[in-house]
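The numbers in my numbering rise by one with no breaks, and the one at position 172 of the sequence shown is 183. Just so it is clear, CB atoms sit at the ideal spot from N, CA and C, and this is done for glycine as well. Only one structure is covered here, and it is reproduced in the block below.
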Amino acid sequence: MEGLMRFSDRESAVQALYERMALIIHQACLSHGSASVLLSGGSTPLPVYEKLFQSNIDFGQTRFGLVDDRFVPLNHPSSNEGNLRNLFKHRTDVHFVGMVSDPENYAGSIEHCAADYQPFHHGTMAILGMGNDGHFASLFPSDEPSMEGLTAKHPGIIGTNAPSDPRQRISTNLALLLSFQHRILFITGEDKLVKLEQSKQELTPIAYIFDELTEIYYAP
């Protein structure tokens, strides 16, 4: 599998991905004067982000955002934004753009997010994960809005429906993610590696970006 880097344990994978992210951000800031990075939620990449935000890297020229989020208040345990903000709450140099502007207004939040995420188009790096059903971002199998997000020609922000609660999601579409220079997937567990390998046969959402992934980090 092209671009696949296998690690013997998760700690090694976390360290390698942290170092890679730090290098990409550094190079982008040197070359272009700024970097823009989208982060996925979930438990798998959190140790990577923890290392990143505990480092002495200057993030004054870096803009952070989300690949997707659940439509919940910031203090909800399932909020990707809330979980990430807890990691850098001690820092004053992190510019972070969330997705849920009003937890009482789903359509309004999507519209607001679409405007806020315009600066992320053609960004530096997107960190992706994958679910056991082959979804990435909040682009799910058997969900019509997700399918539209996988096939749209223009970058954008969409609302999708997850198969489990909280069902309402806000997500980048595939076209937006493909505009990023680096598209990095981080997965753990043999079952997810098998799912990834079978994605083209099963035509799960991850199959739509499989050939466009620049790097894949894997640990059992």
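| Item | Value |
| --- | --- |
| Per-residue DSSP class, three states only, for residue 4 | For residue 4 there is no data in the structure shown, the boundaries of the chain being 12 and 231. |
| Residue 140 beta carbon less than 9 Å from that of residue 213 | no |
| Spatial distance of residue 231 from residue 150 (CA atoms) | 24 Å |
| Three-state class that DSSP yields for residue 172 in the structure shown | strand |
| Where residue 44 falls, given that 16 or more other Cβ within 10 Å makes a residue buried | exposed |
| Residue 111 beta carbon less than 9 Å from that of residue 85 | yes |
| Residue 171 and residue 190 closer than 9 Å at C-beta | no |
| Close Cβ partners of residue 131 (< 6 Å) along its chain, the five nearest in sequence each way excluded | 47, 76 |
| Candidates 87, 101, 56: closest to residue 70 by CA position | 101 |
| Backbone secondary structure at residue 223 - three-state DSSP | coil |
| Span of the beta strand (DSSP E) around residue 16 | 15-17 |
| Proximity to residue 63 [Cα-Cα], best of 29, 185, 49 | 29 |
| Residue closest to residue 50, alpha-carbon to alpha-carbon, out of 27, 87, 193 | 193 |
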